[in-house]
Every structure is written in C-alpha cells, then in structure tokens.
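Quick notes on the structure that follows.
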Amino acid sequence: VTTRSWEVAKIIGTIPSPYALKGLQEEDSWSLFKKMAFEPGQECKSPVLLSIGKEIVQKCGRVPLAIRALGCLLYGKDESKWLSFKEKNLAHISVGESDLMNILELSYYHLWSSLKSCFAYCALFPKDYEFNKETLISLWMAQGLVIPMSESQSLEEAG
122 VTTRSWEVAK IIGTIPSPYA LKGLQEEDSW SLFKKMAFEP GQECKSPVLL
172 SIGKEIVQKC GRVPLAIRAL GCLLYGKDES KWLSFKEKNL AHISVGESDL
222 MNILELSYYH LWSSLKSCFA YCALFPKDYE FNKETLISLW MAQGLVIPMS
272 ESQSLEEAG
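FYI, in the working numbering the residues of the sequence shown are 122 to 280.
And the structure:
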C-alpha cells in the first residue's frame with residue numbers, strides 16, 4: 122500500500138514500520154519543474170520566470186505530484202501570469218498531507234470550463250471504476266461536453 126498519510130499506514134498495519142519515501146533531490150525537483158513548466162529553451166529567456174520557478178520548487182517540498190501540477194499550471198503562460206500566480210497563490214503553498222489537495226484543487230480551478238465539466242462527469246461513476254477511454258469520450262460527446270479547439274479538430278480528437 123502506498124500512502125502519504127501516516128494515519129492510513131497505521132490503520133492498514135501490514136508491516137511493523139512503514140517505509141517513508143524521501144522526496145526528490147533538489148536538482149531532480151528543478152529538472153521535473155523545468156520539463157513541466159517551460160517550453161524547450163524558454164527557461165533562459167526570463168530571469169523572473171527562473172526565480173519564480175525556483176521558489177515554487179522550494180515550496181513544493183520535493184513532492185513530484187505538487188511540482189508537476191504547478192509546472193503544468195504555468196506551462197506556456199507569459200511573465201505577467203507567472204507574476205500574478207506568485208502574488209496570489211505562492212505564499213499559500215506548502216506541501217503537507219492536506220496542502221497537496223489544495224495544490225491539486227488550484228490546478229483544477231485553472232482548467233478550461235469544458236475540461237472541468239469532463240472531469241466532474243467522472244464523479245458519476247462509482248469509486249474504483251475502470252474507464253475505457255473511447256467509451257468515456259463518447260459519453261462526453263453525447264452530453265455536449267467536448268468542444269473542438271478549431272474547426273479542423275474532430276470531437277474525438279478534442280476529447
């Protein structure tokens with residue numbers, strides 16, 4: 122069993138002492154963030170983005186899921202969006218057991234509304250339900266949740 126919660130590990134009790142995973146090394150954390158947040162070659166163009174990125178990585182506490190979520194959130198955004206993120210959100214970010222959910226929630230709130238609807242649609246299914254990708258996309262299309270980004274894009278491609 123893998124869990125971030127010591128309480129869950131105690132309840133499960135399958136082994137006498139749970140093995141605590143260490144976070145990524147600082148260099149690996151930064152490498153993951155760069156891969157998620159920057160287009161190739163973009164990183165060196167702005168010392169401001171570099172500074173904000175380093176601050177984000179530090180706040181993420183070497184937790185790969187947090188680093189990836191925030192990197193993806195800022196991918197392709199211009200400097201003003203990064204500065205806005207820093208001013209509005211960065212002070213409130215830390216990674217503890219409940220804080221990771223806050224980071225994931227933050228990335229959810231920045232999704233396009235059509236993607237939020239698709240994501241919310243998945244809540245209609247029971248816990249541990251295994252989705253078939255094609256069936257799920259067909260259901261989204263039937264509900265009018267899939268919106269093509271261009272005239273040349275099919276509904277299936279958009280889904």
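The beta-carbon is built from N, C-alpha and C at its ideal position, and this holds for glycine as well. Quick caveat, the model's predicted, so the values are computed rather than measured.
Fill in: Beta-carbon proximity of Ser150 to Val169, cut-off 8 angstroms
To locate residue 150, count along the sequence shown from 1; it is residue 29. To locate residue 169, count along the sequence shown from 1; it is residue 48. Contact: no.
Worksheet item: Would you call Cys181 buried or exposed, if buried means 16 or more other Cβ atoms sit within 10 Å of its Cβ?
Response: By one-based count along the sequence shown, residue 181 stands at place 60. Buried.
Practice prompt. Return the first residue and the last residue of the alpha helix (DSSP H) that Arg183 is part of.
Written response: Taking the first residue of the sequence shown as position 1, residue 183 is located at position 62. It is not in any alpha helix (DSSP H) - Arg183 carries neither H nor E in the DSSP assignment.
Discussion item. My output table needs one value for Asn253: the three-state DSSP class, helix, strand or coil.
Written reply: The residue given as residue 253 occupies position 132 in the sequence shown. Three-state result, Asn253: coil.
Worksheet item: With distances taken between CB atoms, is the gap from Ala158 to Leu195 smaller than 8 angstroms?
Response: Working through the sequence shown from its first residue, we reach residue 158 at position 37. Working through the sequence shown from its first residue, we reach residue 195 at position 74. Contact flag set, yes.
Discussion item. Could you give the first and the last residue of the continuous alpha helix (DSSP H) run that contains Val267?
Written reply: Stepping through the sequence shown from its first residue, residue 267 is reached at position 146. Counting along the chain, Val267 falls outside any alpha helix (DSSP H), and DSSP gives it neither H nor E.
Worksheet item: So, helix, strand or coil for Phe159, using DSSP?
Response: Residue numbering aside, residue 159 sits at position 38 when the sequence shown is read from its first letter. Reduced to three states, the DSSP call for Phe159 is coil.
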